[in-house]
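Numbering (this note's numbering), first residue to last: 1 to 487.
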Amino acid sequence: MIDFTDIIANAQEVNRPELRVIEETLLKAVLSGRPELITRVISETRPREYYFDLHRQLADKIYPDISQGKHVDKITLTALIPEAPTTDKEKVKERQSLLDLIDHLEALDIPEAGKVESYLSIFVEEARRQAARESLQKIQSGFEDQKISPAEAFAKANQVIMDQDTSRRMVGAFKSEAEDWPTYFAALEANQDPTHKFTGLDTGYTHLNNLANGLPEGLFVVGAAPSTGKTTWAKQVADQIVELNPKVVCLFISLEQSREELRVKTLSRLSTVENRDILRGRLDINSPAWKRVKTASDKYTASTAGRFFILEGDKTTTPERIRLAGLQVRRATNAEDLLIVVDYLQIIPTIEDFKDPRSRIDSIMSELRRIARDLGATVMAISSVGRASYDTAGLSSFKESGGIEYAADLGAIMLPRKNGDDIERGKATLEGINLEWIGVDLVVVKNRNGERGKIEFQFFPQISRFKESGEKSLPDAFEAAGKEGRD
């Protein structure tokens, strides 16, 4: 006879921390006094979801007060555990076990945010599996008692499996605002700092930081015509974010260019040695140019490489695989913040076979936004644009644009800057090297939490480098360029 619980049990992850360690880490986070950790844990978990009885009992005592913004520590917790009659040995033993657990948690170090995030994802997945196991056990019981037919049992079991993603997203739901508000506001208050210029990730670009508030958590879509330098721009931004934000790890999903091509872009940008010379092996290793490449390599290795992961995509690199890879790199590094770059949107494979390209992109966009939300990540997706939009910028510029228009938190179009019918060009000296540049504009056409605008760049294709050169508000920029269809 088929054991329906095998369907779920066999999906267990390998090489993960023990569940006891995971639960203790989350309880320690709740008791840490750090609002950002407390908010993340209690917004996604419930006391009843803890597997171990002692953990569940302690969570039952902690969560109500924490949810109301009250201070909870060893002293207040001990006071919440009533004395047991000396004649009731089981109650005495249980109370002592709880006190021992409190002492144990008190001695633990406060976990890093990255560890809490990764352990939280495992905990939520385990809660989801447990709910599925219980449902499947009921189905099996009904099947064995002949209350439901084999066909009905199969259909119900299949529905449980299909509902797993939904149930995962529902874990921790159904909290009233009164329960959630105190911890939300405490985290908001802790984040206030008059010295803050922006709250998102530092991109290394002053104008982009000002316009986008850094690169915030959420989904950022950048569209461009072919050969505009969108991959080069994305790689530079990703490199700069990891270099400037020590608590960030980046996962770069490359579905078009190889790992080697991306690495050469970085070396060329940092060394000002032409990328084609590096890629084709033209350099004398005793020359000044190669010495600059070597210096660039050393710099990148020391500042960025340890927190930068490149996944060369293939037909298995679906949104589900991207989610898993994001979790893996975060767990491997215990990073607090996660940046995922996807290059590019239109060629991400999907498990489902969509007949309509627009529906396919809508589905991918929904999944990427869900990944950003569930993992607390910044997701930057590169997109192609329709041929008719090679010289214009607007939400409708994105190819198969339905989901992009609505799902993106931040949307931008990269366009060649033109003087009349000609692309603007010039020359400049960078680090003693005379180089040609092409004018490129990044037009922010959607900003869910801020203003729109245009950021001007000089693109040096020989060395894969973008340099900011100016910023304009979007209405003025559109008027100056004679654009139509303003949003």
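All C-beta atoms in this analysis are idealised placements derived from N, C-alpha and C, irrespective of residue type, glycine included.
The ligand FAD and isoleucine 42: does the residue's C-beta get closer than 7 Å to at least one heavy atom of that ligand? For the ligand FAD, the structure offers nothing, since it holds no ligand at all.
Closest by CA to threonine 203, which one among Glu189, Lys291, Pro194 and Cys250? If you number the sequence shown from 1, residue 203 lands on position 203. With distances taken between Cα atoms, threonine 203 lies closest to Cys250.
Looking at isoleucine 455: is its Cβ nearer than 8 Å to the Cβ of leucine 211? Along the sequence shown, read from residue 1 onward, the residue named residue 455 stands at position 455. Along the sequence shown, read from residue 1 onward, the residue named residue 211 stands at position 211. Contact flag set, yes.
Any contact of the segment 261-278 with the segment 353-369, i.e. 3+ C-beta pairs under 8 Å? no
Express the C-alpha separation of proline 150 and valine 221 in angstroms, rounding to a whole number. Residue mapping note: residue 221 aligns to position 221 of the sequence shown, counting from 1. Residue mapping note: residue 150 aligns to position 150 of the sequence shown, counting from 1. Answer to the nearest angstrom: the Cα atoms are 47 Å apart.
Measure the beta-carbon distance from leucine 27 to leucine 105 and round it to whole angstroms, keeping in mind my assumption that it falls under 8 Å. Position 27 of the sequence shown, counted from the first residue, corresponds to residue 27. Position 105 of the sequence shown, counted from the first residue, corresponds to residue 105. Yes, leucine 27 and leucine 105 are in contact; Cβ-Cβ is about 6 Å, under 8 Å.
Ordered along the chain, which non-local residues of its own chain (more than five positions away) have a Cβ less than 6 Å from that of lysine 115? Position 115 of the sequence shown, counting from 1, holds the residue named residue 115. Cβ within range, chain order: Asn334.
Using 8 Å as the Cβ pair cut-off and three pairs as the minimum, do the segment 422-442 and the segment 242-249 touch? no
Residue from Leu99, Ala113 and Pro64 with nearest C-alpha to threonine 25: For the purposes of this step, residue 25 is taken as residue 25 along the sequence shown, with counting starting at 1. Here the closest residue by C-alpha is Ala113.
Counting C-beta neighbours from all protein chains within 10 Å, is the total for lysine 294 16 or more, i.e. buried, or is it exposed? For the purposes of this step, residue 294 is taken as residue 294 along the sequence shown, with counting starting at 1. Lysine 294 should be labelled exposed.
Which runs of the beta strand (DSSP E) spanning at least 3 residues fall entirely within the segment 187-269, listed in chain order? 218-224 and 248-254
Buried or exposed: which applies to lysine 446, given that a residue is buried once 16 or more other Cβ atoms fall within 10 Å of its Cβ? Translated into positions along the sequence shown, residue 446 becomes position 446. Buried.
Starting from the C-beta of leucine 279, find all residues in its chain whose C-beta is less than 7 Å away, skip the five residues before and the five after it, and write them out in chain order. One-based indexing of the sequence shown puts residue 279 at position 279. Cβ neighbours of leucine 279 beyond the five flanking positions: Val264.
Residues that alanine 428 bridges to, as DSSP identifies them: Position 428 of the sequence shown holds residue 428. Answer is Leu435, bridged to alanine 428.
From Ile38, Ile340 and Ile413, residue whose alpha carbon lies closest to that of tryptophan 181: Counting from 1 along the sequence shown, the entry for residue 181 is found at position 181. Residue Ile38 is the option with its Cα nearest to tryptophan 181.
Is alanine 296 helix, strand or coil when you go by DSSP? Looking up residue 296 in the sequence shown gives position 296. Three-state DSSP puts alanine 296 in a helix.
Given that a residue counts as buried once 16 or more other Cβ atoms are within 10 Å of its Cβ, and exposed if not, what is glutamine 96? For this step, residue 96 is matched to residue 96 along the sequence shown. So glutamine 96 counts as exposed.
Using three-state DSSP, classify asparagine 449 as helix, strand or coil. On the sequence shown, residue 449 is found 449 positions in, with the first residue counted as 1. Note: asparagine 449 maps to coil in three-state DSSP.
Any idea what DSSP makes of isoleucine 340, helix, strand or coil? In the sequence shown, the residue the question calls residue 340 occupies position 340. Here isoleucine 340 sits in strand by DSSP.
Which whole-angstrom value describes the C-beta separation of valine 385 and glycine 223, a residue pair presumed to lie in contact below a C-beta threshold of 8 Å? Position 385 of the sequence shown holds residue 385. Position 223 of the sequence shown holds residue 223. Their Cβ separation, rounded to whole angstroms, is 4 Å, which keeps valine 385 and glycine 223 in contact under 8 Å.
Taking 6 Å as the limit between beta carbons, can you name the residues of its chain near glutamate 49, skipping five residues before and five after? Numbered from 1 along the sequence shown, position 49 holds the residue referred to as residue 49. Excluding positions up to five away in sequence, the list reads Ala127.
Exposure label - leucine 120; buried when at least 16 CB within 10 Å: In the sequence shown, residue 120 corresponds to position 120, counting from 1. Counting Cβ neighbours within 10 Å, leucine 120 comes out buried, since at least 16 surround it.
Classify leucine 108 as helix, strand or coil using the three-state DSSP reduction. Position 108 of the sequence shown, counted from the first residue, corresponds to residue 108. In the structure shown, leucine 108 sits in coil (DSSP, three-state: anything other than H, G, I, E or B).
Does the Cβ of isoleucine 285 have 16 or more other Cβ atoms within 10 Å, making it buried, or fewer, making it exposed? For the purposes of this step, residue 285 is identified with residue 285 of the sequence shown, where counting begins at 1. Exposed, because fewer than 16 other Cβ atoms sit within 10 Å of the Cβ of isoleucine 285.
Could you please give me the residues that DSSP links to lysine 467 through a beta bridge? On the sequence shown, residue 467 is found 467 positions in, with the first residue counted as 1. Per DSSP, Gln458.
Can you give me the Cβ contacts of glutamate 23 inside the same chain, cut-off strictly under 8 Å, excluding the 5 residues immediately before and after it? As a first step, residue 23 must be located in the sequence shown, where it is residue number 23. Excluding sequence neighbours, glutamate 23 sits near Tyr50, Tyr51, Phe52, His55 and Phe123.
Do the segment 456-475 and the segment 303-316 make contact, defined as three or more Cβ pairs closer than 8 Å? no
In this structure, what does DSSP give as the bridge partners for methionine 414? As a working note, residue 414 is residue 414 in the sequence shown. Methionine 414 is bridged to Ala224 and Leu442.
Using DSSP with H/G/I as helix, E/B as strand and the rest coil, what is leucine 19? As a first step, residue 19 is located in the sequence shown; it is residue number 19 there, counting from the start. DSSP places leucine 19 in helix when its eight states are reduced to three.
Whose CA, out of Arg452, Leu415, Gly426 and Leu430, lies closest to the CA of aspartate 409? Numbered from 1 along the sequence shown, position 409 holds the residue referred to as residue 409. With distances taken between Cα atoms, aspartate 409 lies closest to Arg452.
Select from Gln130, Asp239 and Pro82 the residue whose C-alpha is nearest the C-alpha of leucine 19. Looking up residue 19 in the sequence shown gives position 19. Leucine 19 has its Cα closest to that of Gln130, out of Gln130, Asp239 and Pro82.
DSSP puts asparagine 419 in a beta bridge; with which residues? Against the sequence shown, residue 419 aligns to sequence position 419. Per DSSP, Asp422.
Could you compute how far the alpha carbon of alanine 495 sits from the alpha carbon of alanine 377? Residue 495 is absent from the structure shown; the chain starts at 1 and stops at 487.
So the alpha helix (DSSP H) alanine 381 belongs to, where does it begin and stop? One-based indexing of the sequence shown puts residue 381 at position 381. From DSSP, alanine 381 is part of no alpha helix (DSSP H) but of the beta strand (DSSP E) over 378-384.
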